[in-house]
Amino acid sequence: MCHSLLLLLILTGLDAESAYQVMKFLAKYAEGSGRRVIITIHQPSSFVWRMLHNIVLLSKGKLMYQGPRSKIEPFFAKNGFPCPKKFNPADHYVSLVNDEFVLHEKSVDEWAEAFEEWQEDQTQNDDLQSAIVVSSSFQQSPSEAGTRILTTVLPSSRGRVHVVLFELTRRYLWNLICNPGILGTRVVMYSMLSLMIGILFFDLEDSTSHASVMSRIALLFYSVAFFVFMSVAALPFAVIERGIVEKEVRNGYYHPACFQFAQAIASVPGTFLLAILTTSITLAMTDLRNFRAYFINMFLALNCAEALAQLASHMVPHFIIGIALIAGVYGMFMLLQGFMLVPSEFPSWLKWLHYVPFHTYSWRSFMVNEFGGDVHFDSAQFPTGEAVLDQYEISNVNQTTDMLILLGYGLFIHFLSFAVLHLKFIRHKRNQVTIEGP
Amino acid sequence: MLQTVVVQTEKDRPALYPTMNSSTPVNLGDIETPEQPINLAESTGMKGNAFAQVDYVEVQTKKEENPVLLHPMTVLFPESKVTAIMGPSGSGKSTPLNFVTGTLESGLTAKGMVKLSGRMGFVPQDDRLHGFYTCRSYVEHYSRLTGAKDNFANAKHSMDLLVGLGMDSHSDTIVGDMFRKGLSGGQKRRLSIALEALSSPETLFLDEPTSGKILFLSRSRNLFMI
């Protein structure tokens, strides 16, 4: 019991300091500057209460009181409920207007009526009184009001675009380096998996058996399917980032397109590092062919995966749903990429689906990279590399074209992200139609 | 700059309250509206006072049970003052804030008018911060983001803000995240406020700036006071 009390006091001291500093700062921020501070607060402690100037008290969407803090006590006292001595006034007033509180005396409607009556008793010089009187009597011709509605002039960016882009790109590069969740954990996972591949398929290239051919095909499928799939690990952090960006866009720091651009640029070094790691470890241990082509393919495929994770992060309400969504999409892409079912065996009306996944272009390029050219095996089914490619109906594939497709695929997903963010931004702005004063 | 914002959600009641599109001027003379927006500031000459005139904020629902989130009201926000919107849980405290800032959630219809001068800054209830920045580098980052020049005056302004919030002794402490320990909850809240106050918005909105552990404090103090 004593330990609990001690802990309570320690926590209380820390929080009191923060609350005091915050309220002191806010009062100073507003005081004499012509600026205003508007806060929502559930039930302020008594010392926070004393630092407030103006109170708006609501209950069930109705106005219970508004005006200076100094006048709230006269209002409740006049209605027979003055704040008892040594009692937190905020607690008292909030409890009084809460008709779900078991000890409540008046309903919300009764308090709303009481406040309206109280307002009418106030002096004519009171700003609030003047406003209410005018609001009920002021008339404005409809056509006059209509012509004064203009497009929004709320700022969408504070700094110059190139400065904002540079600053955001720098932020996301630092985030990439300093936040282990974004890159660090994946570096470890990708390295471990590449090592495991290397151990299991050590010196695979030196073997020419039929089994080695099958191993090569399986390994290349895994390279596309699983390394791409692992990019889902970035999604939770992308969703967290969304909250920060929403706040900054709401406060007019920049257009969301700037964020999308900066994040796309800043994700490149991460995918580069992951691609170079997996390529180096895998190819060094398995001796698979053509380091450069393998790396470019892996890099572009990971870029697509990164872009898709970013797109999903803009669309889902929670990162768990995002992970489920991405997992579902990649599961579908693996089915369609041409490894489990060659293109000619697709139902005719679903053939087009084979060309939808970026996995298709990545995997078949890996295959051409490995089996293209003058390659021979000790296998009756696959005496040459060309026979393997024929089996999967990818002998006519052009690697350069596929790499360009992958590059465009990634850019297209980034464009979709931009479109989603822009639509959200337009919807946000639509709620802020400005009328310019005369 | 005098800036008056009409808040009207996208899916409004079609017959009486047509959707107001930001790019298309709407002639209200062609629309049968029982209540026209009234510019109280102009009519009363209260240039210093900002206000929110709420006609309604409702949940878009066919059910008739309590769809109204905010009833008609005119709320004033006097300048040079700290205004607190208070009420019991579920009283709709955040709705006026979202109404004023034009960020009502989807599924609501709203009509009314808001007059605020100058730029607004909003500090949400949850601290949305990057964990790797220190307080000082975060303020510098926001300073650059707002286009402020990298000079002595701006650097002093940044440090003054941290001092004003009692954060100067933590200026080289990182915010912290799930991997690294950093600022406490109250310190993060103070940093969030410093970041938004940096560009001196004329209106600073804060959603529950003393929440979290402070609620614990408020309860314990009440116990002593009773």
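As they're listed, the protein sequences go chains A and B.
So the number in my numbering is just where the residue sits in the first sequence, counting from 1, plus 432.
So the number in my numbering is just where the residue sits in the second sequence, counting from 1, plus 76.
Think of the CB as a built atom: it goes at the ideal place given N, C-alpha and C, for glycine as much as any other residue.
Identify whether residue 499/A lies in helix, strand or coil by the three-state DSSP scheme.
strand
Mind checking whether residue 646/A and residue 621/A have CB atoms under 8 Å apart?
no
Please check if any C-beta of chain A sits within less than 8 Å of the C-beta of residue 210/B.
Chain A, which has no Cβ nearer than 8 Å to the Cβ of residue 210/B, makes this no.
Alpha carbon to alpha carbon, what distance is there between residue 514/A and residue 604/A?
55 Å
Less than 8 Å between the C-beta atoms of residue 173/B and residue 283/B, yes or no?
yes
Tell me the rounded alpha-carbon separation between residue 705/A and residue 149/B.
58 Å
In chain order, what residues of the same chain lie with their CB nearer than 6 Å to the CB of residue 696/A, ignoring the 5 residues before and after it?
846
Any beta carbon of chain A sitting closer than 8 Å to that of residue 285/B?
yes
Going by CA-CA distance only, name the one from 808/A, 659/A, 856/A and 448/A that's closest to residue 639/A.
808/A
Helix, strand or coil for residue 153/B per DSSP?
strand
Rounded to a whole number of angstroms, what is the C-alpha to C-alpha distance between residue 462/A and residue 489/A?
20 Å
What residues in its chain sit with their C-beta under 6 Å from that of residue 477/A, if we drop five residues either side in the sequence?
none
Quick check on the DSSP output: the beta strand (DSSP E) that includes residue 162/B runs from which residue to which?
158-162
Provide the residue(s) that pair with residue 810/A in DSSP beta bridges, ordered along the chain.
DSSP links residue 810/A through a beta bridge to 641/A.
Pull up the DSSP beta-bridge partners for residue 134/B, would you.
In the DSSP output, where bridge partners are listed per residue, residue 134/B has 144/B and 185/B.
CB of residue 661/A to nearest heavy atom of the ligand FMN: below 7 Å?
Among the ligands in the structure shown, none appear at all, so the ligand FMN cannot be discussed.
Would you mind sorting residue 271/B into buried or exposed? The rule is 16 or more other CB atoms within 10 Å of its CB.
buried
Are there 16 or more other CB atoms within 10 angstroms of the CB of residue 641/A, so buried, or fewer, so exposed?
exposed
Mind checking residue 607/A: buried by the 16 CB within 10 Å criterion, or exposed?
buried
Under 7 Å, CB to CB, which of the residues in the stretch 594-611 of chain A have a partner in chain B?
595, 596, 599, 603, 606, 607, 610 and 611
Closer than 6 Å by C-beta to residue 615/A: which residues in its own chain qualify, once you throw out the five before and the five after it? Chain order, please.
608 and 702
Step through the CB atoms of chain A and report whether any lies within less than 8 Å of the CB of residue 164/B.
yes
Does any CB atom of chain B fall closer than 8 Å to the CB of residue 465/A?
yes
When you compare the CB of residue 529/A with every CB in chain B, is at least one pair closer than 8 Å?
yes
Could you give the distance in angstroms between the alpha-carbon of residue 167/B and the alpha-carbon of residue 260/B?
29 Å
Classify residue 592/A as helix, strand or coil using the three-state DSSP reduction.
coil
Closer than 9 Å between beta carbons: that is the criterion. Which residues of the stretch 663-681 of chain A meet it against chain B?
For the stretch 663-681 of chain A, which is checked against every Cβ of chain B, the residues closer than 9 Å are 672, 673, 675, 676, 677, 678, 679 and 680.
Check residue 223/B in the structure and name its three-state DSSP category.
Correct three-state label for residue 223/B: coil.
Going along the stretch 487-520 of chain A in order, which residues come within less than 7 Å of chain B, judged by CB to CB distance?
Against chain B - using a Cβ distance shorter than 7 Å - the residues of the stretch 487-520 of chain A are 487, 488, 489, 490, 491, 492, 493, 494, 495, 498, 518, 519 and 520.
With a threshold of 8 Å between beta-carbons, can residue 705/A be considered close to chain B, or not?
no
Using a Cβ-Cβ distance cut-off of 8 Å, determine whether residue 157/B contacts chain A.
yes
For my contact list, residue 286/B and residue 454/A are in at a C-beta cut-off of 8 Å; report their separation, rounded to the angstrom.
6 Å
Just to confirm my understanding: we take residue 798/A, look at its own chain, exclude 5 residues before and 5 after, and list those with CB closer than 8 Å. What are they?
652, 655, 656, 726 and 729, listed in sequence order.
Here's a check: name, in chain order, each residue in its chain whose Cβ is nearer than 7 Å to the Cβ of residue 737/A, leaving out the five neighbours to either side.
Excluding the 5 residues flanking it on each side, residue 737/A has same chain C-beta neighbours closer than 7 Å at 660 and 663, in chain order.
Using C-beta distances below 7 Å, list every residue in its chain close to residue 850/A, excluding the 5 sequence neighbours before and after it, in chain order.
The answer, listed in chain order, is 689 and 692.
Within a Cβ cutoff of 7 Å, which residues of the same chain sit near residue 253/B, ignoring the five residues on either side of it in sequence?
Excluding sequence neighbours, residue 253/B sits near 207.
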